[in-house]
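Enquirer: Please read through the structure below; I'll follow up with questions.
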Amino acid sequence: MAAEKWVLMVTAQTPTNIAVIKYWGKRDETLILPVNDSISVTLDPDHLCTTTTVAVSPSFDQDRMWLNGKEISLGGGRYQNCLKEIRSRACDVEDTEKGIKIEKKDWQKLHLHIASFNNFPTAAGLASSAAGFACLVFSLAKLMNLKENQSQLSAIARQGSGSACRSLFGGFVKWILGKLMLVPSQHLQEGNGSDSLAVQLVDEEHWNDLVIIIAVVSSRQKETSSTTGMRESVETSLLLQHRAKEVVPKRIVQMEEAIQNHDFSSFAQLTCADSNQFHAVCLDTSPPIFYMNDTSHRIISYVERWNRSVGSPQVAYTFDAGPNAVLIARNRKIATELLQRLLFFFPPNSETDLNSYVLGDKSILHDAGIDGMKDIEALPLPPEINSISAQKYSGDVNYFICTRPGGGPVLLSDDSKALLNPKSGLPK
Ligand code: DP6
3 MAAEKWVLMV TAQTPTNIAV IKYWGKRDET LILPVNDSIS VTLDPDHLCT TTTVAVSPSF
63 DQDRMWLNGK EISLGGGRYQ NCLKEIRSRA CDVEDTEKGI KIEKKDWQKL HLHIASFNNF
123 PTAAGLASSA AGFACLVFSL AKLMNLKENQ SQLSAIARQG SGSACRSLFG GFVKWILGKL
183 MLVPSQHLQE GNGSDSLAVQ LVDEEHWNDL VIIIAVVSSR QKETSSTTGM RESVETSLLL
243 QHRAKEVVPK RIVQMEEAIQ NHDFSSFAQL TCADSNQFHA VCLDTSPPIF YMNDTSHRII
303 SYVERWNRSV GSPQVAYTFD AGPNAVLIAR NRKIATELLQ RLLFFFPPNS ETDLNSYVLG
363 DKSILHDAGI DGMKDIEALP LPPEINSISA QKYSGDVNYF ICTRPGGGPV LLSDDSKALL
423 NPKSGLPK
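Numbering (our numbering), first residue to last: 3 to 430.
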């Protein structure tokens, strides 16, 4: 390895995901091994993703990371575990153009700079850690020329944040819990979690009729983190044990079938039931955890009422560890009607302009015939709602994001997309 001041960089983009069969509860806190399998849909990275640039240089004197422009500590156990796992698998790297040669053993001494940026508000509660850890692992694996496949990389991302392992793929993804045993240390080989990894069920083209609308719900409440919440559920909820043992294994089989067959009725019924059971587990935790709020409950009621009035599910809902609703419409026509209904009940307040109220794929707004406030005021009362309960809740939703199932991680070869300066290796 020459002692010049070169900088070698890789930039990648990784999507976020939303679980339709939830992960809630660990059997091993350090390795992040779950108590049940889970299934998610990857969201289109055009609307929700993390971009990460990783750089290596002999001139760096320590590992450093910047998130959305601000330096953060890499001291946490989860970052350290991911870095350790990746460094131990690093291989020789040669860039003949730049005259750089890094040998396998050099990676233990070389330091890294990492810059990460979310194209959505980190504080909105939209699984930013899933996309973040997936992107960290994916980009470092490329930089260090790892030979592991995507599923093997997912087992490393899992050690950053459980749900991150599912962001290594597009489409629908299953996180397989792996061997259930809690293995004593002498059997570490078997119980090291290498079999707790993500696999792709189908890619994003398989069910491309689906449209996803996220309602980012206003909340003043300080939420319990997923990590703390699920620890408390594991310690105190009997429902969690019943769910992991009896309910989820059957649901996983049914969900895989529903996805393979594009069976929206079954898909929606399972998705809603699983979200509701996850929140029931939270209520069954001592002390109980409340993630949904009145707005979340209202959205559930509207969707249930609409689905019932049609006689078959048109929209599925699912909620993670927060009040935001993720609504999955069976096709674009239904998504258009859904957005009209959402804007009828949750119009923007007078200071908000429509362009910053509906984000993502705005063409759905055009299909819905909505160009301005006047169109929202003219929206008719949905036929399934009787006029007495037709109250409007302006200000209860911060904004909507229209999106769809999307693809997995990609490398960005365009240097202008890099977040670090190619000469200094510091944030641009
Ligand atoms: C409700 O992956 O954020 O979103 O593994 O402790 O980092 P840690 O938790 P995290 O939990 C996600 C929980 C969930 C359900 C899901 O994504 O499956």
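Ideal Cβ positions, reconstructed from N, Cα and C, are used throughout, including at glycine.
Please read all numbers here as calculations on a predicted model, not as lab measurements.
1) Using only CA atoms, which one of Ser288, Leu344 and His264 lies nearest to Asn333?
2) Alpha carbon to alpha carbon, how far is Ile254 from Asn388?
3) Output needed for Ala246: all residues of its chain with C-beta closer than 6 Å, excluding positions within five of it in sequence on either side, in chain order.
4) At what residue ranges does the stretch 59-84 contain a whole run of the alpha helix (DSSP H), taking only runs of 4 or more?
5) Using DSSP with H/G/I as helix, E/B as strand and the rest coil, what is Phe460?
6) Just verifying my parser: in three-state terms, what is the DSSP assignment at Tyr420?
7) In this structure, does DSSP put Ala4 in helix, strand or coil?
8) Please state the DSSP three-state secondary structure of Asp276.
9) May I ask you to check if the CB of Thr229 is nearer than 7 Å to at least one heavy atom of the ligand DP6?
10) At what residue ranges does the stretch 292-327 contain a whole run of the beta strand (DSSP E), taking only runs of 3 or more?
11) Between the Cα of Leu145 and those of Val219, Leu114 and Leu69, spot the shortest distance and give me the residue it belongs to.
12) Give me, in chain order, the residues of the same chain whose beta-carbon lies closer than 6 Å to that of Ser61; leave out the 5 immediate sequence neighbours on both sides.
13) Thr54 to Thr287, Cα distance in whole Å?
14) Does DSSP classify Asp205 as helix, strand or coil?
15) Do Ser141 and Ala200 come within 8 Å of each other at the CB atom, strictly closer than that value?
16) Which one of Arg310, Asn151 and Cys167 has the shortest CA to CA distance from Ser40?
17) From Thr230, Ser239, Ser277 and Asn357, pick the residue whose C-alpha is nearest to that of Ile330; which is it?
18) To the nearest whole angstrom, what separates the beta carbons of Ala132 and Ser163, a pair I think is in contact under 8 Å?
19) Would you grab the beta carbon distance between Glu87 and Ile158 for me? Rounded to a whole angstrom, and I think it's under 8 Å.
20) Determine the burial state of Ser239: buried for a count of at least 16 other Cβ atoms within 10 Å of its Cβ, exposed for fewer.
21) Compare the C-alpha of Gln316 against each of Tyr304, Pro325 and Val139 and name the closest.
22) Three-state secondary structure (DSSP) at Lys376?
23) Give the straight-line distance between the Cα atoms of Val9 and Asp63, rounded to the nearest whole angstrom.
24) Quick check on the burial criterion: 16 or more other C-beta atoms within 10 angstroms. Buried or exposed for His368?
25) Taking the alpha-carbon positions, what's the Tyr319 to Gly427 distance?
26) Can you check DSSP and say which residues form a bridge with Asn19?
27) Are the CB atoms of Leu285 and Trp26 within a distance shorter than 8 Å?
28) Determine the DSSP secondary structure at Pro251, reduced to helix, strand or coil.
29) Using a Cβ-Cβ cutoff of less than 8 Å, which residues in the same chain neighbour Phe292 once the five nearest sequence positions on both sides are dropped?
30) Rounded C-beta distance between Pro411 and Cys137? I'm assuming under 8 Å.
31) Roughly how many whole angstroms lie between the Cα atoms of Asp298 and Ile23?
32) Figure out for me which residue from Gln154, Val249 and Val219 has the closest Cα to the Cα of Ile403.
33) For the structure I just gave you, are there three or more beta carbon pairs, one from the stretch 381-400 and one from the stretch 345-352, closer than 8 Å?
34) In this structure, does DSSP put Lys107 in helix, strand or coil?
35) Would you kindly check if the distance between the Cβ of Gly231 and the Cβ of Gln202 is under 8 Å?
36) Following a CB-centred definition, is Tyr401 positioned closer than 7 Å to any heavy atom of the ligand DP6?
Expert: If we stick to the structure as given:
1) His264
2) Using only the alpha carbons, I get a separation of about 37 Å.
3) Val37 and Asn38
4) Entirely contained in the stretch 59-84, not one alpha helix (DSSP H) run reaches 4 residues.
5) This structure gives no information on residue 460, because the portion of the chain shown stretches from 3 to 430.
6) Sequence check: residue 420 is Ala here, not Tyr. Reduced to three states, the DSSP call for Ala420 is coil.
7) Because Ala4 sits at a pLDDT of 46, beneath the cut-off of 50, its placement in the model cannot be relied upon, and the point is left open.
8) helix
9) yes
10) Here the runs fully enclosed are 317-320.
11) The option with the nearest alpha carbon to Leu145 is Leu114.
12) Lys7
13) The alpha-carbon atoms of Thr54 and Thr287 are separated by roughly 36 Å.
14) coil
15) no
16) Just measuring C-alpha positions, the residue of Arg310, Asn151 and Cys167 sitting nearest Ser40 is Cys167.
17) Ser277
18) 6 Å
19) 5 Å
20) buried
21) Tyr304
22) For Lys376, the three-state secondary structure derived from DSSP is helix.
23) 13 Å
24) exposed
25) Each residue's alpha carbon lies about 43 Å from the other.
26) Thr44
27) No, the pair does not count as a contact, with Cβ atoms beyond the cut-off.
28) helix
29) Once the five neighbours on either side are set aside, the close Cβ partners of Phe292 are Gln223, Cys284 and Leu285.
30) 7 Å
31) Residue identity check: residue 298 is Ser in the sequence provided, not Asp. Spanning the two alpha carbons is a distance of roughly 18 Å.
32) Proximity to Ile403 across Gln154, Val249 and Val219 peaks at Val219, based on C-alpha coordinates.
33) Enough Cβ pairs lie closer than 8 Å, so yes.
34) helix
35) no
36) no
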